[in-house]
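Below is one structure, written out as structure tokens, with a few remarks after it.
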Amino acid sequence: MSLATESPSRRLTLAQQTRRSSALVAAAFLLPALLMLAVYLLYPLLANFRLSFVEWNGLGNTARYVGLQNWTQLLQDATFLKSLVNNLTLAALSIVIQLPIGLVLAFMLDRAGRGSVVLKVLYFLPLLLSSVAIGTVFKNLYDPNFGPLNTLLRAAHLDGLARDWLGDPGLALASVILVVCWQNIPFYMLLFLAGLSGMPAELKEAARLDGASDGVIFRRITIPFLQGTIRTALVLSLIGSLRYFDLVYVMTGGGPSGSSELMATYMYRTVFSGFNIGYGAAISSAMFVLVVIASGLTLRLTRRFETEV
Amino acid sequence: MAVQTVSARPAAPRVRSGLGGRLGTVLVAVLWLLVTTLPFVFLVFTTFKSQSDIYSTPIWALPKTFDLTNYRLVLEGAFFTYLKNSAFVVALSIALTLLMSSMAAFAFSRLKFRFSGPLFGLIVAGLIVPVHVTLIPIYLLTRSMGLYDTVFALIGPYVAFSLPISIFILTEFMRQIPREMEESAQIDGCGPVRMFTSIFLPLTTPGLATVAIYNGISMWNEFIFAYVLTSNPAHRTLPLAIWDFQSEHSANMPAILAVVTLTALPLIVAYVFGQERIIKGMMAGSVKG
Chain A
1 MSLATESPSR RLTLAQQTRR SSALVAAAFL LPALLMLAVY LLYPLLANFR LSFVEWNGLG
61 NTARYVGLQN WTQLLQDATF LKSLVNNLTL AALSIVIQLP IGLVLAFMLD RAGRGSVVLK
121 VLYFLPLLLS SVAIGTVFKN LYDPNFGPLN TLLRAAHLDG LARDWLGDPG LALASVILVV
181 CWQNIPFYML LFLAGLSGMP AELKEAARLD GASDGVIFRR ITIPFLQGTI RTALVLSLIG
241 SLRYFDLVYV MTGGGPSGSS ELMATYMYRT VFSGFNIGYG AAISSAMFVL VVIASGLTLR
301 LTRRFETEV
Chain B
1 MAVQTVSARP AAPRVRSGLG GRLGTVLVAV LWLLVTTLPF VFLVFTTFKS QSDIYSTPIW
61 ALPKTFDLTN YRLVLEGAFF TYLKNSAFVV ALSIALTLLM SSMAAFAFSR LKFRFSGPLF
121 GLIVAGLIVP VHVTLIPIYL LTRSMGLYDT VFALIGPYVA FSLPISIFIL TEFMRQIPRE
181 MEESAQIDGC GPVRMFTSIF LPLTTPGLAT VAIYNGISMW NEFIFAYVLT SNPAHRTLPL
241 AIWDFQSEHS ANMPAILAVV TLTALPLIVA YVFGQERIIK GMMAGSVKG
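If you're matching them up, the sequences are chains A and B in order. For the first sequence, the working numbering begins at 1 and goes up steadily by one. For the second sequence, the working numbering begins at 1 and goes up steadily by one.
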């Protein structure tokens, strides 16, 4: 790809450079980024695996090598398994709720064209807020006594439906997941809009001239056209759900009584409240392994699916 | 998908559809509009109410007066310190991200070296690394470097986690720059450094803007690193203004929501002036993200 081999005029500066010096130039251009990635991404990733084999409270040089103890403990840890199940629930609900709504909104905005600019601008708004901001707002919306949600339900004489949304162990996770969806749907909407913008207008026109309805166009043209994008969305959603932290931590802290615990919140609690560094490192390392496996599997499975269509 | 597909999009022709279809569309549009905007309406309304109003008047009632007490309470606190810290951290991190990622993208798109492909793949694979896997080592590293509880503690993690996506976007972008540009520059005796600074950087401006916007928004809102790597309010960023204020005034819901509103305001103002650019930036980022 270099100029040196492709340039027609061989006597020029770059062209004259030997392979070695062009490698040096490349190294110089890559060095800052590689250094940064090595220090803040690769090293921590490996160091975390190393920490997962020690027992350490974080103070002084008291770390003790314990082999696989943290990992064997992890496999029998009910809290960890519960948090893994919660992560998978989050993933399943995210995929089932966020992707279809995002897809329908994108389809609608794309079809409406210029007329929907205002809608698009407003739909985008949640993406501008931090998770702490969103979590704080919705914690108040969910407030069992003074929150608008219960107030509305009572006003509609549906008192029976008013709940302690975040305080009930059976509801807390679901309540937070709905907010996660609120936060992320605009993202998937944009992703699908970007995908749709690459769709040739003739494709839709031709279908319409043949008398196809919106529903048929959506199912027979839009979705097949967006296969690649949907696959991206699946992987992103799965990875994002397995490593999710923010809103759960802000809204419930993993509670009540561990009912909404995720792997990341459990790891955080273990390390920064329980001062059990080694075990926390094992939890997050396991999370990384699961993320790698899940993204690999999704890509593989969906690829197979894609060829069948 | 090429970065370009996002930028140039002809207006889709308005199409006719049956009355039922149109009604359904309007219904979906309005419903989602309510779902999206009602929390914002609640947020802003509540900030103008007093603490006692919340308990005595219905939640959807308009504020009786535009009471600015809550905002005054927040602004008299450390709010501007948080704002200043956020601005500093994001500006410096973005500058470093742009510099490092554009240099790397130049190498990947135009220079020939061994292992170019595998190295690029490895960097892009960095996208799936969860922040939390690196949290403990980065916390320990930050302490040992003496950066703990300073604004500089956040720069490293913010830049490093922005690099994979940024290098990916910018490499695609630079690959699309026509070869003729550099060939004529070579004839003028232009070395790789000048080629980069005076040809590639200027031609990549739209890509740089995309990268800056996409990463800037997530850095501006970042929570966990800021939470773990700083502790003194004097060195914390905006998302933590909400957190710190909340632990101080736990019962004062209107004032807490006033902090939320104020922390969201800078991005919303930026959005009002550059929605198109920001939406495009997020779109391009999302496709790769």
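Note that CB positions come from ideal geometry on N, CA and C, so glycine has one too.
CB contact flag (residue i, residue j, <8 Å)
i: Phe138 (chain A); j: Pro39 (chain B); result: yes
i: Leu247 (chain A); j: Gly254 (chain A); result: no
i: Thr97 (chain B); j: Val151 (chain B); result: no
i: Met100 (chain B); j: Pro32 (chain A); result: yes
i: Ile242 (chain B); j: Val292 (chain A); result: no
i: Met199 (chain A); j: Phe225 (chain A); result: yes
i: Met108 (chain A); j: Ala29 (chain B); result: yes
i: Ile221 (chain A); j: Leu203 (chain A); result: yes
i: Gly58 (chain A); j: Ile277 (chain A); result: yes
i: Ala255 (chain B); j: Asn70 (chain B); result: yes
i: Ile230 (chain A); j: Leu93 (chain A); result: no
i: Thr36 (chain B); j: Leu122 (chain A); result: yes
i: Pro239 (chain B); j: Thr263 (chain B); result: yes
i: Tyr82 (chain B); j: Leu229 (chain B); result: no
i: Lys49 (chain B); j: Asp67 (chain B); result: yes
i: Ser130 (chain A); j: Phe88 (chain B); result: no
i: Phe45 (chain B); j: Leu34 (chain B); result: no
Endpoints, alpha helix (DSSP H) assigned at residue i
i: Ser144 (chain B); result: Val131 to Ser144
i: Cys181 (chain A); result: Ala172 to Leu196
i: Tyr227 (chain B); result: Ile224 to Leu229
i: Pro164 (chain B); result: Phe152 to Arg175
i: Gly254 (chain A); result: It is not in any alpha helix (DSSP H) - Gly254 (chain A) carries neither H nor E in the DSSP assignment.
i: Thr89 (chain A); result: Ala78 to Leu93
i: Phe113 (chain B); result: From DSSP, Phe113 (chain B) is part of no alpha helix (DSSP H); its letter is neither H nor E.
i: Pro144 (chain A); result: Per DSSP, Pro144 (chain A) belongs to no alpha helix (DSSP H) and is neither H nor E.
Integer-rounded CB distance, given that residue j should sit under 8 Å from residue i
i: Asn48 (chain A); j: Ser237 (chain A); result: Actually they are not in contact, since the Cβ atoms of Asn48 (chain A) and Ser237 (chain A) sit about 24 Å apart, beyond 8 Å.
i: Leu105 (chain A); j: Met189 (chain A); result: 5 Å
i: Leu111 (chain B); j: Ala26 (chain A); result: 4 Å
i: Val260 (chain B); j: Leu43 (chain B); result: 6 Å
i: Gly117 (chain B); j: Phe173 (chain B); result: Actually they do not touch by this definition, with Cβ atoms about 18 Å apart.
i: Ile136 (chain B); j: Ala281 (chain A); result: 6 Å
i: Pro256 (chain A); j: Gly160 (chain A); result: Actually they are not in contact, since the Cβ atoms of Pro256 (chain A) and Gly160 (chain A) sit about 21 Å apart, beyond 8 Å.
i: Gly126 (chain B); j: Pro164 (chain B); result: 4 Å
i: Asn145 (chain A); j: Ser241 (chain A); result: That pair is no contact at about 31 Å.
i: Gly281 (chain B); j: Ile213 (chain B); result: 3 Å
i: Phe168 (chain B); j: Val124 (chain B); result: 5 Å
i: Leu201 (chain B); j: Ser102 (chain B); result: 6 Å
i: Ser260 (chain A); j: Leu173 (chain A); result: 4 Å
i: Ala104 (chain B); j: Phe29 (chain A); result: 6 Å
i: Thr134 (chain B); j: Leu45 (chain A); result: 6 Å
i: Pro130 (chain B); j: Arg243 (chain A); result: 4 Å
i: Leu128 (chain A); j: Tyr227 (chain B); result: Not confirmed; about 20 Å, so no contact.
Top-ranked residue by Cα proximity to residue i, from the options
i: Leu170 (chain B); options: B:Met219, B:Phe108 and B:Glu222; result: B:Phe108
i: Asp143 (chain A); options: A:Arg163, A:Leu128, A:Ala156 and A:Leu125; result: A:Arg163
i: Leu84 (chain A); options: A:Gln69, A:Phe124, A:Gly67 and A:Ile239; result: A:Ile239
i: Thr252 (chain A); options: A:Gly211, A:Leu290, A:Gly170 and A:Arg114; result: A:Gly170
i: Leu103 (chain A); options: A:Thr151, A:Pro44, A:Ile185 and A:Ala294; result: A:Ile185
i: Leu99 (chain A); options: A:Ala172, A:Leu35, A:Gln183 and A:Ala207; result: A:Gln183
i: Phe187 (chain A); options: A:Val216, A:Val176, A:Ala233 and A:Ala206; result: A:Ala233
i: Gly228 (chain A); options: A:Thr302, A:Asp77 and A:Phe53; result: A:Thr302
i: Phe106 (chain B); options: B:Val133, B:Ser247 and B:Thr197; result: B:Thr197
i: Pro266 (chain B); options: B:Ala226, B:Ala234, B:Pro202 and B:Phe80; result: B:Phe80
i: Gln291 (chain B); options: B:Leu257, B:Pro63 and B:Glu180; result: The structure shown does not extend to residue 291 (chain B), since chain B spans only 1 to 289, so no value can be given for it.
i: Phe245 (chain A); options: B:Ala91, B:Phe225 and B:Leu147; result: B:Phe225
i: Phe53 (chain A); options: A:Leu299, A:Ser295 and A:Tyr279; result: A:Tyr279
i: Val235 (chain A); options: A:Pro44, A:Leu125, A:Phe275 and A:Leu191; result: A:Leu191
i: Ile278 (chain B); options: B:Glu222, B:Leu31, B:Arg72 and B:Ser218; result: B:Ser218
i: Gly258 (chain A); options: A:Lys82, A:Leu24 and A:Tyr65; result: A:Lys82
i: Leu180 (chain A); options: A:Leu37, A:Tyr249 and A:Met36; result: Residue identity differs from the one stated: residue 180 (chain A) is Val in this sequence, not Leu. The shortest Cα separation from Val180 (chain A) among A:Leu37, A:Tyr249 and A:Met36 belongs to A:Tyr249.
i: Leu75 (chain A); options: A:Ala294, A:Tyr40 and A:Ala286; result: A:Ala286
i: Val90 (chain B); options: B:Leu23, B:Tyr148, B:Thr65 and B:Ile155; result: B:Ile155
heavy atom of the ligand ZN below 7 Å from residue i C-beta
i: Phe272 (chain A); result: The ligand ZN is not part of this structure, which contains no ligands at all.
Next item on the list: Please list the residues of the region 271-284 of chain A that have a C-beta atom closer than 8 Å to any C-beta atom in chain B, keeping them in chain order.
Entry: Val271, Phe272, Ile277, Gly280, Ala281 and Ser284
Check: When you check each C-beta in the region 124-137 of chain A against every C-beta of chain B, which residues fall closer than 7 Å?
Finding: Phe124, Leu125, Pro126, Leu127, Leu128, Leu129, Ser130, Ser131, Val132, Ala133, Thr136 and Val137
Item checked: Interface positions of the region 95-127 of chain A facing chain B (Cβ-Cβ less than 9 Å), listed along the chain -> Ile101, Val104, Leu105, Met108, Leu109, Asp110, Arg111, Ala112, Gly113, Arg114, Gly115, Ser116, Val117, Leu119, Lys120, Val121, Leu122, Tyr123, Phe124, Leu125, Pro126 and Leu127
Margin query: Give me the subset of the region 126-149 of chain B whose CB atoms are less than 9 Å from a CB atom of chain A, sorted by chain position.
Written below: Gly126, Leu127, Ile128, Val129, Pro130, Val131, His132, Val133, Thr134, Leu135, Ile136, Pro137, Ile138, Tyr139, Leu140 and Leu141
Note to self: Using a Cβ-Cβ cutoff of 7 Å, what residues of the region 242-253 of chain A are near chain B? List them in chain order.
What the structure shows: Arg243, Phe245 and Asp246
Next item on the list: Check distances from the C-beta atoms of the region 215-230 of chain A to those of chain B and list, in chain order, the residues that come in under 7 Å.
Entry: none
Note to self: For the region 26-48 of chain B, list every residue whose C-beta sits within 8 Å of some C-beta in chain A, in sequence order.
What the structure shows: Val28, Ala29, Trp32, Leu33, Val35, Thr36, Thr37, Pro39, Phe40, Phe42, Leu43 and Thr46
Note to self: If the cut-off is 8 Å on Cβ atoms, which residues from the region 260-274 of chain B count as contacting chain A, listed in chain order?
What the structure shows: Val260, Thr263, Ala264, Leu267, Ile268 and Tyr271
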